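One structure is given here, and the rest of the page talks about it.
2 protein chains.
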Amino acid sequence: MSLRDERKQQSRQALLDAALTLSTSGRSFSTISLREVAREAGLVPTAFYRHFQDMDELGADLVDQVSLSLHHLIKSLREGYGLKAPSKTRMSIERFFAAVNDSPLHWEFLIGERWGGSNIVRGAIEREIHFFIDDLSQDMHKLPDFEHVKDHEDLRIMAEILINLAFSWAMTWLNLPEEQVLRDTQQEQLISRTTRQAQLLFKGISNWQSPIKTVNPE
Amino acid sequence: MSLRDERKQQSRQALLDAALTLSTSGRSFSTISLREVAREAGLVPTAFYRHFQDMDELGADLVDQVSLSLHHLIKSLREGYGLKAPSKTRMSIERFFAAVNDSPLHWEFLIGERWGGSNIVRGAIEREIHFFIDDLSQDMHKLPDFEHVKDHEDLRIMAEILINLAFSWAMTWLNLPEEQVLRDTQQEQLISRTTRQAQLLFKGISNWQSPIKTVNPE
DNA sequence: TGTACATCAGTGAACGCGCGTTCACTGATGTAC
DNA sequence: TGTACATCAGTGAACGCGCGTTCACTGATGTAC
Chain S
172 MSLRDERKQQ SRQALLDAAL TLSTSGRSFS TISLREVARE AGLVPTAFYR
222 HFQDMDELGA DLVDQVSLSL HHLIKSLREG YGLKAPSKTR MSIERFFAAV
272 NDSPLHWEFL IGERWGGSNI VRGAIEREIH FFIDDLSQDM HKLPDFEHVK
322 DHEDLRIMAE ILINLAFSWA MTWLNLPEEQ VLRDTQQEQL ISRTTRQAQL
372 LFKGISNWQS PIKTVNPE
Chain C
172 MSLRDERKQQ SRQALLDAAL TLSTSGRSFS TISLREVARE AGLVPTAFYR
222 HFQDMDELGA DLVDQVSLSL HHLIKSLREG YGLKAPSKTR MSIERFFAAV
272 NDSPLHWEFL IGERWGGSNI VRGAIEREIH FFIDDLSQDM HKLPDFEHVK
322 DHEDLRIMAE ILINLAFSWA MTWLNLPEEQ VLRDTQQEQL ISRTTRQAQL
372 LFKGISNWQS PIKTVNPE
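Chains as they are written, first to last, in the working numbering: chain S, 172 to 389; chain C, 172 to 389.
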């Protein structure tokens, strides 16, 4: 890559970073302005157009970048499945919160904009969540813990439940107090609570019998 | 109430209605302007200040109004508990979607602004959700189906799971296609799916044993 | 390697626009006598 | 009941501001010879 291309790439990234920062500092993506983003990135407003046609295009690209955190999480969870651990559920939950800690702004963005004001961003996030559910339910299909579940569709439902819950957990996690000691104890409590919620779900599915599909739903 | 007071009340309501409509038409509360709201309500911008100090104050009042739908739902569910029905879970789910149908904008607003851009609105919604969880978990405590659950805290966790799921269900419900026949079949499918998700949860809690609380969580 | 030209990321002035907010006002409604 | 005054929801002009977008430009980097 030429020197010019490299610098262009840097500016582009600065714009994306600026948009992410501004979107997650108590505001939302659809309330920030093109000029604010450029200013935060250290550029003149007109330079914005060298990289994106408008804020919608930047938003779509931002979702792509931020979604990498979802893929990293899937990867981390996969590495965990193979390990021996006293509680696999708890370990997966810990890996989840570690992912949230790694890139808190990414999670805040995904959760906050999932039902947010920009149609483009909302659609892009919903698509990524769909992929995540696919991946997760396929992983579960391979795990011995779930091999008694015959209907693949049941695992999808389970994965859907899990990701919806996970988003609430992440938001609670991110809103924990700053102060060290308080934070540590509340983090531990939250991990316990969420582990319990997940175990409750798994207990459910382990006793689950797929209902016979009737021809006439009435 | 005097004639003047009545008319003032009408204008005030027109402003609240306008804000709700604008907030749920593909945009969000924090992206709509005071002038837009006044215009939509058929008032001059400056008249806004006769009713609210600023958009934040209107937002807080709007959350109060919209939250009535949550209270109505709790009431409707309570009436259902007593009835004889082939599937109580399915009936509760049906009552839930009926509530969403009754005031779709209210639900769209609550869900969209729960993690939205306005701090004031976000806080007010989180408070209402808290009340809802309290009510729901207390109701569950009284139901025979859950009397074997000893730890009240487990019911709270359950109620938390349920409301988070319910919000996703409502959003899916609201995004179903407009076309009548397609809509009818997909509504039926969604009711079946969500009933199944809920039953899966209840199976879980019916097999649930509260973990012994260790002194040292390590 | 050196030169002459092309490319193009970033600049800065300018535009028209909708915004939130102020202010002095109007005129219908309410109140005191 | 009628009159004189007070209240106050709604009006309309005006303000300064940040916005998105256009345009002609600059000057560093890239390319062809």
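A virtual CB, placed ideally from N, CA and C, is assigned to each residue, including glycine.
Because the structure is a prediction, the values reported are computed rather than measured.
Cut-off 6 Å between Cβ atoms - residues of its own chain near Ala212 (chain C), not counting five sequence neighbours on either side: Counting from 1 along the second sequence, the entry for residue 212 (chain C) is found at position 41. Closer than 6 Å at Cβ, skipping near neighbours: Ala185, Leu186, Ala189.
For Arg298 (chain S), tell me which candidate among S:Ala231, S:Trp340, S:Ile245 has the shortest Cα-Cα distance. Counting from one through the first sequence, the residue named residue 298 (chain S) turns up at place 127. Relative to the Cα of Arg298 (chain S), the nearest Cα in the group S:Ala231, S:Trp340, S:Ile245 belongs to S:Ala231.
Where Met342 (chain S) meets chain C, residues with beta-carbon distance less than 7 Å: As a position in the first sequence, residue 342 (chain S) is number 171, starting the count at 1. Against chain C, the beta carbon of Met342 (chain S) has neighbours under 7 Å at Trp286, listed in chain order.
If the cut is a Cβ gap below 9 Å, which residues of chain C does Ile296 (chain S) touch? Translated into the one-based positions of the first sequence, residue 296 (chain S) becomes position 125. By Cβ distance, chain C contributes nothing, its closest Cβ being about 12 Å from Ile296 (chain S), past 9 Å.
Give me, in chain order, the residues of the same chain whose beta-carbon lies closer than 6 Å to that of Val386 (chain C); leave out the 5 immediate sequence neighbours on both sides. As a first step, residue 386 (chain C) is located in the second sequence; it is residue number 215 there, counting from the start. Its pLDDT being 39, under 50, Val386 (chain C) is placed unreliably in this model, and the coordinates cannot settle the point.
Taking the alpha-carbon positions, what's the Leu229 (chain S) to Gln236 (chain S) distance? Numbered from 1 along the first sequence, position 58 holds the residue referred to as residue 229 (chain S). Numbered from 1 along the first sequence, position 65 holds the residue referred to as residue 236 (chain S). Leu229 (chain S) and Gln236 (chain S) have their C-alpha atoms roughly 11 Å apart.
Establish whether the CB of Phe373 (chain C) and some CB of chain S are separated by less than 9 Å. Counting from one through the second sequence, the residue named residue 373 (chain C) turns up at place 202. Chain S, which has a Cβ nearer than 9 Å to the Cβ of Phe373 (chain C), makes this yes.
With a cut-off of 9 Å, does the C-beta of Asp325 (chain C) fall near any C-beta of chain S? As a working note, residue 325 (chain C) is residue 154 in the second sequence. The beta-carbon of Asp325 (chain C) is placed less than 9 Å from the nearest beta-carbon of chain S.
With a 10 Å radius around its C-beta and 16 neighbouring C-beta atoms as the bar for buried, classify His222 (chain S) as buried or exposed. Taking the first residue of the first sequence as position 1, residue 222 (chain S) is located at position 51. Per the 10 Å Cβ criterion, buried.
Does any C-beta atom of chain S lie closer than 9 Å to the C-beta of Met329 (chain C)? Reading the second sequence from its first residue, position 158 is the one you call residue 329 (chain C). Chain S, which has a Cβ nearer than 9 Å to the Cβ of Met329 (chain C), makes this yes.
Under the three-state reduction of DSSP, which class applies to Ile203 (chain C): helix, strand or coil? Translated into the one-based positions of the second sequence, residue 203 (chain C) becomes position 32. Three-state result, Ile203 (chain C): coil.
Relative to chain C, which residues along the segment 186-219 of chain S have a C-beta separation below 7 Å, given in chain order? Within the segment 186-219 of chain S, the qualifying residues are Gly197, Arg198, Ser199, Ser201, Thr202.
Is it the case that the Cβ atoms of Thr366 (chain S) and Ser258 (chain S) are separated by a distance below 9 Å? Residue 366 (chain S) sits at position 195 when you count from the first residue of the first sequence. Residue 258 (chain S) sits at position 87 when you count from the first residue of the first sequence. Going by C-beta atoms, Thr366 (chain S) is nearer than 9 Å to Ser258 (chain S).
Is the CB of Asn378 (chain C) under 9 Å away from at least one CB in chain S? Here residue 378 (chain C) corresponds to residue number 207 of the second sequence, with the count starting at 1. Proximity of Asn378 (chain C) to chain S, defined by a Cβ-Cβ separation below 9 Å, is satisfied.
Closest Cβ-Cβ distance between Leu336 (chain C) and chain S: below 9 Å? Numbered from its first residue, the second sequence carries residue 336 (chain C) at position 165. At least one chain S Cβ lies under 9 Å of Leu336 (chain C).
Give me, in chain order, the residues of the same chain whose beta-carbon lies closer than 6 Å to that of Pro388 (chain S); leave out the 5 immediate sequence neighbours on both sides. As a position in the first sequence, residue 388 (chain S) is number 217, starting the count at 1. Caution is warranted here: a pLDDT of 38 is assigned to Pro388 (chain S), below 50, making its placement in the model unreliable, and no coordinate value can be reported.
Residues of chain S with CB under 8 Å from Arg364 (chain C), in chain order? In the second sequence, the residue the question calls residue 364 (chain C) occupies position 193. Proximity of chain S to Arg364 (chain C) at the Cβ level (cut-off 8 Å) is accounted for by Ile328, in chain order.
Is Ile334 (chain C) near the ligand ATP - that is, is its Cβ less than 8 Å away from at least one heavy atom of it? This structure does not include the ligand ATP; it has no bound ligands of any sort.
Which term fits His242 (chain C), buried or exposed, when burial requires 16 or more other beta carbons within 10 angstroms of its beta carbon? The residue labelled residue 242 (chain C) in the question sits at position 71 within the second sequence. It counts as exposed.
Please report the straight-line C-alpha distance between Val208 (chain S) and Gly287 (chain C), rounded to a whole angstrom. In the first sequence, residue 208 (chain S) corresponds to position 37, counting from 1. In the second sequence, residue 287 (chain C) corresponds to position 116, counting from 1. Cα to Cα, Val208 (chain S) sits roughly 19 Å from Gly287 (chain C).
Flag Gln357 (chain S) as yes if its beta-carbon sits less than 9 Å from any beta-carbon of chain C, otherwise no. Taking the first residue of the first sequence as 1, we reach residue 357 (chain S) at position 186. Against chain C, the CB of Gln357 (chain S) has no partner CB under 9 Å away; the residue lies outside that interface.
With contact counted as at least three CB pairs below 8 Å, one residue from each stretch, are the segment 331-348 of chain S and the segment 330-344 of chain C in contact? As far as the Cβ criterion goes, the segment 331-348 of chain S touches the segment 330-344 of chain C, which means the pair count is three or higher.
First through last residue of the alpha helix (DSSP H) which encompasses Leu191 (chain S): Taking the first sequence and counting its residues from 1, one reaches residue 191 (chain S) at position 20. Segment 174-194, the alpha helix (DSSP H) holding Leu191 (chain S).
Considering only their Cβ atoms, is the gap separating Ser289 (chain S) from Ser182 (chain S) smaller than 9 Å? Here residue 182 (chain S) refers to the residue found at position 11 of the first sequence. Here residue 289 (chain S) refers to the residue found at position 118 of the first sequence. With contacts defined by Cβ atoms closer than 9 Å, Ser182 (chain S) and Ser289 (chain S) do not form a contacting pair.
Checking contacts by CB at 9 Å: is Gln368 (chain S) closer than that to chain C? Looking up residue 368 (chain S) in the first sequence gives position 197. Interface residue, yes.
Under three-state DSSP, which class holds Gln358 (chain C)? Taking the second sequence and counting its residues from 1, one reaches residue 358 (chain C) at position 187. Taken through DSSP and simplified to helix, strand or coil, Gln358 (chain C) comes out as helix.
Separation of Met342 (chain S) from Lys179 (chain S), as counted between CA atoms: Reading the first sequence from its first residue, position 8 is the one you call residue 179 (chain S). Reading the first sequence from its first residue, position 171 is the one you call residue 342 (chain S). Distance between the alpha carbons of Lys179 (chain S) and Met342 (chain S) is about 34 Å.
Does Glu264 (chain S) get closer than 9 Å to chain C when you measure Cβ to Cβ? For the purposes of this step, residue 264 (chain S) is taken as the residue at position 93 of the first sequence. Residue identity check: residue 264 (chain S) is Ile in the sequence provided, not Glu. By this cut-off, Ile264 (chain S) is not an interface position.
Cβ atoms of Thr195 (chain C) and Gly294 (chain C): under 9 Å apart, would you say? Here residue 294 (chain C) refers to the residue found at position 123 when the second sequence is read from its first residue. Here residue 195 (chain C) refers to the residue found at position 24 when the second sequence is read from its first residue. Going by C-beta atoms, Gly294 (chain C) is not nearer than 9 Å to Thr195 (chain C).
Is Val215 (chain S) helix, strand or coil by DSSP? Your numbering for residue 215 (chain S) matches position 44 in the first sequence. Note: Val215 (chain S) maps to coil in three-state DSSP.
Assigned secondary structure, Val352 (chain C) (DSSP; H/G/I helix, E/B strand, else coil): Indexing the second sequence from 1 puts residue 352 (chain C) at position 181. Helix at Val352 (chain C).
Straight-line gap, Glu324 (chain S) to Gln360 (chain S) (C-alpha atoms, nearest Å): Within the first sequence, residue 324 (chain S) is the residue found at index 153, counting from 1. Within the first sequence, residue 360 (chain S) is the residue found at index 189, counting from 1. Near 32 Å, if we compare the C-alpha coordinates of Gln360 (chain S) and Glu324 (chain S).
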